[in-house]
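The structure appears below as structure tokens.
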Amino acid sequence: MDYNFREIEKKWQQNWAENKTYHVTEDENKKKFYVLNMFPYPSGAGLHVGHPLGYIASDIFARYKRLKGFNVLNPMGYDAYGLPAEQYAIQTGQHPAITTEQNISHYREQLDKIGFSFDWDREVRTCDPKYYHWTQWAFEKMFGSFYCNTCKSAQPIEKLVERFEQKGTEGLDVAQSEELEFTAGEWNSYDDKKKQQVLMNYRIAYLGETMVNWCPGLGTVLANDEVVDGVSERGGYPVIQKKMMQWCLRTSAYAQRLLDGLDTVDWTDSIKETQRNWIGRSEGTEVEFTVKDSDVKFTIFTTRADTMFGVTFMVLAPESEYVQQVTTTEQKAAVEEYLEYVKKRTELDRMSDRKVTGVFTGSYAINPFTQEAIPIWIGEYVLAGYGTGAIMAVPAHDSRDYAFAKHFNLPIIPLIEDADVSEESFDAKEGIVSNSPVAGKNSLDGFSLNGLTVKEAIAATKKFVTEKGIGRIKVNYRLRDAIFSRQRYWGEPFPVYYKDGMPQMIPAECLPLELPEIDKYEPTETGEPPLGRAKKWAWDEANKQIVDKSLIDNEKVFPLELSTMPGFAGSSAYYLRYMDPNNNKGLVGEKADKYWQNVDLYVGGTEHATGHLIYSRFWNKFLFDNGVSCQEEPFQKLVNQGMIQGRSNFVYRINSDDHSKAPVFVSKGLKDQYETTPIHVWVNLVKNDILDTEAFKQWRPEYANAEFILEDGKYNCGWAIEKMSKSMFNVVNPDDIVEEYGADTLRLYEMFLGPVEASKPWDTNGIDGCFRFLKKFWNLFFEHNTDKLIINDDEPTKENLKSVHKLIKKVSEDIEKFSYNTAISAFMIAVNELGQQKCHNKTLLKDMVILIAPFAPHIAEELWHVLGETTSVCDAAWPTYDESYLAESEMQLTISFNGKARYQKTFPADAQKDAIEKATLEDERSQKYLDGMQIVKVIVVPKKIVNIVLKK
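Going by the UniProt record's numbering, the sequence shown opens with residue 1, and the numbers climb by one from there.
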């Protein structure tokens, strides 16, 4: 019987669906294991072969864990809201819901063809009101909460109100946007609107003015990763920095818990380090500087207060509120010109670009240590959101300050003995604080740092500034509060209406607030977000319902929020919803939550190392504080799959000024004889780097009359490894591979390409090997080219047992380590060995079928039933190996003479050195090397070599 993969795969995919083979429920009698993929955004282009890489890797592990007896949750869904669908809607007028549904259907069809063990009964879509009901609910909970630094958790806002009523802000230690001070009496005298404005300073979900990436061409705020080189990734529209009132989430309140949690999860060191850097904890001192001849004061944060004697200038962030206050009339034009320049630069650009730019404000600040007046500059390398948005610059001991000082010819004062102040070495972390050009002023009120080590100087300075009241100890974090508004249509609506200008939450029992219909998906003519076009978009407070906008009277009917939530809103807690997707009373029920707990294995790309992972961890910790999630960390183990790169092919067109003639293409080996231009060619027209010239002619009209200069009757293409891209014609559709070779071959080949975490090139030329392997595996069960089953119950030989048990051990260990490529190599070796041994033992072959089931489930399922089983191979028990079968009975050594290998010889595994030496010297193959020679010594390295040293 031939290996008819098309028939087999179609049969079993249908069987799995009909029998709900992958449906899972809570089972207290089994240990749980939760496998999760970062769910995809369903684009119109569908999947290419790079997309399933992580899904295949996690599916292998999920199937393996099920075979090991675990109750495995392996769900899939769609991150269905996003800018691409909205832009397509603007271009075509088609509702984003229609194109999203079409794209999801295409994705589902492609995923099913690859044979994943997803429980589709748990599918979630972020654009489904039944799903975003709970995103809106979580947002309302955040709006109704503040973060208590003392108890280190989110608390109901009502507790804060009680505190204000009794004590005001006295002794208050909570997360806040700015430090406010008021008494209980003052609080109680505030009207309701004033109280709501004050509470906004403390809410975890709050309205605040913040600097954003504003794209006028798209009419919306963009995330940093949606901006490339100052323009929008989608459409290429200019992006500027703009202050806007936006909904924000107080992620910064959870900064320390986000840091501490990294010590409890099994992630790679590189991802942990990326997160730590993004959170950016630093301990230091806040010190107040006064602007000369002014009442204006501003605070700086420094981790090196001991270097204040070396401050030679100050720098403000361009967005700082102090810029307008300190800019002199003479410098106003220059400052405004500079601010216009910075508006076009994203924070990401400013952080990564080492270009030095800045402008002098015209004002000076007084150094509280030296009483010297130092110039105040504006520089884009200072960010408003980190620290206080103002820095003291010590160019002798900071690289960016040094570059700024050199560029604008500002003073540089070393404070450390033997400090090497140069571009190569600027940060003196060790050494003794010494006298300097300001030695006479290197003390204050008898306080001196001279002669102290750097560590001693830092400690002394912190103590001094605190005692003198000119500063305070402070811990800062680089992590910003998340901007949570987008001026788009295709996103989760905010459950918010506005009363007397202040936001109010729609009652939880009225959720979800569904996205309304609109006639166009662009901002309104007056600049409002697209939801401004909705006719039925007002809240009737008394009747608790959505009504027509024309009824707004701001007494009973109020306007609704026009912005929508960003993409990460829907992806921040989807893993919890998978646990209990049909619960209409909560995000997740207590029973499901306690059983599944958190994700045991999370697989996805490194591009989410900061944004998604930070936001989802924050979201989960907030839900943990509210008793919704029972584990503080959502993802216990994280594996980042690498990228599959495309193998591009080129044809070489001979350059010609006469464009009326048919194009001529020369084969790769002859191209150096001509002046040519390489042109990307669709990979489907090429096999083993040989071009199908007739198909090429039919590919595009301009090539219909193409002529070819061949080598040996063939056209050889050039090739390169590049990112998969439609423009390079190197995108490979997995459907094509499945059609030609089968899903099991695709699964094996993607894993065989290399380690899961590594990026590797796709090369269709190598896929035949995996296909041939599956046919060899099939032929262990059937007589070649017949349907005769050749399995038997013969007693297995030692070699049979050794081959199979060696494989059980290797595959078991490799799956646990995600070393799938080496596991597949071991499979190929074992199948070759069993074929040579003519092993068709039913018991051993049954173990082989179970072992291959995670990698190639269709062929495994078919052969499992060929062996007489009636249940799914998914429900089999993973085989165990017996060490006694792995013991070597003999060993093969290389016999060398004077270091040159001459032949191989087999010895008993327990042979001693003397016996090995004697047998080697007596071997007839040794005689021609020993003839006429004197043996100097015989070196025996057990299990490796025998080397006989000779001389004449």
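Note that beta-carbon positions come from the ideal geometry of N, C-alpha and C, so glycine has one too. This one's a predicted model, so the numbers in the text were calculated from it and none came from an experiment.
Contact under 8 Å by Cβ, residue 275 with residue 614:
Translated into the one-based positions of the sequence shown, residue 275 becomes position 275. Translated into the one-based positions of the sequence shown, residue 614 becomes position 614. Yes, these two residues count as a Cβ contact at 8 Å.
Three-state secondary structure (DSSP) of residue 952
Within the sequence shown, the letter at position 952 stands for residue 952. The answer is coil: DSSP assigns residue 952 none of H, G, I, E or B.
What is the rounded straight-line gap between the Cα of residue 143 and the Cα of residue 191?
Within the sequence shown, numbered from 1, the residue matching residue 143 stands at position 143. Within the sequence shown, numbered from 1, the residue matching residue 191 stands at position 191. Roughly 20 Å separates the two Cα atoms.
Quick test of your reading: residue 62 and residue 71, contact by CB under 8 Å. State the CB separation rounded to the nearest angstrom.
As a first step, residue 62 is located in the sequence shown; it is residue number 62 there, counting from the start. As a first step, residue 71 is located in the sequence shown; it is residue number 71 there, counting from the start. Not confirmed; about 11 Å, so no contact.
Is it right to say residue 487 is buried, meaning 16 or more other beta carbons lie within 10 angstroms of its own, or is it exposed?
Position 487 of the sequence shown, counted from the start, is the residue given in the question as residue 487. Buried: at least 16 other Cβ atoms inside 10 Å.
Does DSSP classify residue 610 as helix, strand or coil?
In the sequence shown, the residue the question calls residue 610 occupies position 610. Coil, per DSSP.
Quick one: is residue 151 buried, meaning 16 or more other Cβ sit within 10 Å of its Cβ, or exposed?
Along the sequence shown, read from residue 1 onward, the residue named residue 151 stands at position 151. It counts as exposed.
Helix, strand or coil, according to DSSP, for residue 387 in the structure here?
Walking along the sequence shown from the start, residue 387 turns up at place 387. Coil at residue 387, not helix or strand.
For residue 704, which option in 712, 694, 353 has the closest C-alpha, if you only look at C-alpha atoms?
Translated into the one-based positions of the sequence shown, residue 704 becomes position 704. Out of 712, 694, 353, 694 has the C-alpha closest to the C-alpha of residue 704.
Exposure of residue 7, with buried meaning 16 or more beta-carbon neighbours within 10 Å:
Position 7 of the sequence shown, counting from 1, holds the residue named residue 7. Looking at its Cβ environment, which holds fewer than 16 other Cβ atoms inside 10 Å, residue 7 is exposed.
Note the first and the last residue of the continuous beta strand (DSSP E) segment covering residue 751.
Here residue 751 refers to the residue found at position 751 when the sequence shown is read from its first residue. First-last for residue 751: 743–752, but that is the alpha helix (DSSP H), not the beta strand (DSSP E).
Taking three-plus beta-carbon pairs below 8 Å as touching, is the stretch 302–320 in contact with the stretch 356–375?
yes
Could you tell me how far apart the beta carbons of residue 506 and residue 495 are, in whole angstroms, since I believe they sit closer than 8 Å?
The residue labelled residue 506 in the question sits at position 506 within the sequence shown. The residue labelled residue 495 in the question sits at position 495 within the sequence shown. Confirmed, about 4 Å.
Please determine, among 17, 96, 3, 633, the residue with the shortest C-alpha to C-alpha distance to residue 519.
Translated into positions along the sequence shown, residue 519 becomes position 519. Residue 96 is the option with its Cα nearest to residue 519.
Compare the C-alpha of residue 604 against each of 382, 29, 917, 267 and name the closest.
Here residue 604 refers to the residue found at position 604 of the sequence shown. For residue 604, the nearest C-alpha among the options comes from 267.
For residue 720: DSSP bridge partner residues
Taking the sequence shown and counting its residues from 1, one reaches residue 720 at position 720. According to DSSP, which records beta bridges pairwise, residue 720 is partnered with 648.
Of the residues 65, 161, 200, which one's Cα is nearest the Cα of residue 183?
Reading the sequence shown from its first residue, position 183 is the one you call residue 183. Per the Cα distances, 161.
So residue 71 is in the beta strand (DSSP E); what residue range does that whole segment cover?
The residue labelled residue 71 in the question sits at position 71 within the sequence shown. Residue 71 -> beta strand (DSSP E) spans 71–73.
Does DSSP put residue 427 in a helix, in a strand, or in coil?
Position 427 of the sequence shown, counted from the start, is the residue given in the question as residue 427. Confidence in residue 427 is poor, its pLDDT being 48 and thus under 50, which makes the residue's placement too unreliable to answer from.
Where does the unbroken alpha helix (DSSP H) through residue 197 begin, and where does it stop?
As a first step, residue 197 is located in the sequence shown; it is residue number 197 there, counting from the start. Element bounds for residue 197: 192–199.
Considering only residues of the same chain and omitting the five flanking positions on each side of residue 385, which have a CB-CB separation below 6 Å?
What you label residue 385 is simply residue 385 of the sequence shown in a count that begins at 1. Excluding positions up to five away in sequence, the list reads 480.
Helix, strand or coil: which one does DSSP assign to residue 295?
Stepping through the sequence shown from its first residue, residue 295 is reached at position 295. Note: residue 295 maps to coil in three-state DSSP.
Name the two residues that bound the continuous alpha helix (DSSP H) containing residue 811.
Taking the first residue of the sequence shown as 1, we reach residue 811 at position 811. Counting along the chain, the alpha helix (DSSP H) containing residue 811 begins and ends at 798–816.
CA-to-CA distance, residue 647 to residue 761, given in whole angstroms:
In the sequence shown, counting from the first residue as 1, residue 761 sits at position 761. In the sequence shown, counting from the first residue as 1, residue 647 sits at position 647. Answer to the nearest angstrom: the Cα atoms are 6 Å apart.
Are at least three pairs of beta-carbons, each pair with one atom in the stretch 779–786 and one in the stretch 824–839, less than 8 Å apart?
yes
Nearest residue (CA-CA) to residue 322, options 407, 300, 574, 277
Walking along the sequence shown from the start, residue 322 turns up at place 322. It is 300 whose Cα lies nearest to the Cα of residue 322.
Pull up the distance between the alpha-carbon of residue 772 and that of residue 597, whole angstroms please.
On the sequence shown, residue 772 is found 772 positions in, with the first residue counted as 1. On the sequence shown, residue 597 is found 597 positions in, with the first residue counted as 1. If I take the Cα positions, the gap works out to 42 Å.
Quick one: is residue 840 near chain C, going by C-beta distance under 8 Å?
Structure shown: chain C not included; a single protein chain is present.
Below 8 Å on the Cβ atoms is my guess for residue 81 versus residue 126; work out the distance and round it to an integer in Å.
Position 81 of the sequence shown, counted from the first residue, corresponds to residue 81. Position 126 of the sequence shown, counted from the first residue, corresponds to residue 126. Right, the Cβ-Cβ distance comes to about 5 Å (below 8 Å), so this counts as a contact.
Are the CB atoms of residue 736 and residue 684 within a distance shorter than 8 Å?
What you label residue 684 is simply residue 684 of the sequence shown in a count that begins at 1. What you label residue 736 is simply residue 736 of the sequence shown in a count that begins at 1. It is a contact, given that the beta carbons lie within the stated cut-off.
Can you say whether residue 912 is buried or exposed, counting buried as having 16 or more other CB atoms within 10 angstroms of its CB?
For this step, residue 912 is matched to residue 912 along the sequence shown. It is exposed - the Cβ of residue 912 has fewer than 16 other Cβ atoms within 10 Å.
I need the boundaries of the alpha helix (DSSP H) containing residue 16, first residue and last residue.
For the purposes of this step, residue 16 is identified with residue 16 of the sequence shown, where counting begins at 1. Its alpha helix (DSSP H) spans residues 5–19.
So, using beta-carbon positions, are residue 390 and residue 294 closer together than 8 Å?
As a first step, residue 390 is located in the sequence shown; it is residue number 390 there, counting from the start. As a first step, residue 294 is located in the sequence shown; it is residue number 294 there, counting from the start. Result no, Cβ atoms of residue 390 and residue 294 do not sit closer than 8 Å.
Chain-order list of residues whose beta-carbon lies under 8 Å from that of residue 234 (same chain, five-residue window excluded)
On the sequence shown, residue 234 is found 234 positions in, with the first residue counted as 1. Once the five neighbours on either side are set aside, the close Cβ partners of residue 234 are 83, 84, 87, 218, 226.
Leaving out five residues on either side along the sequence, give the residues of the same chain with a beta carbon under 7 Å from the beta carbon of residue 14.
Here residue 14 refers to the residue found at position 14 of the sequence shown. Excluding positions up to five away in sequence, the list is empty.
Which full runs of the alpha helix (DSSP H) of 4+ residues lie inside the stretch 25–63, going along the chain?
none
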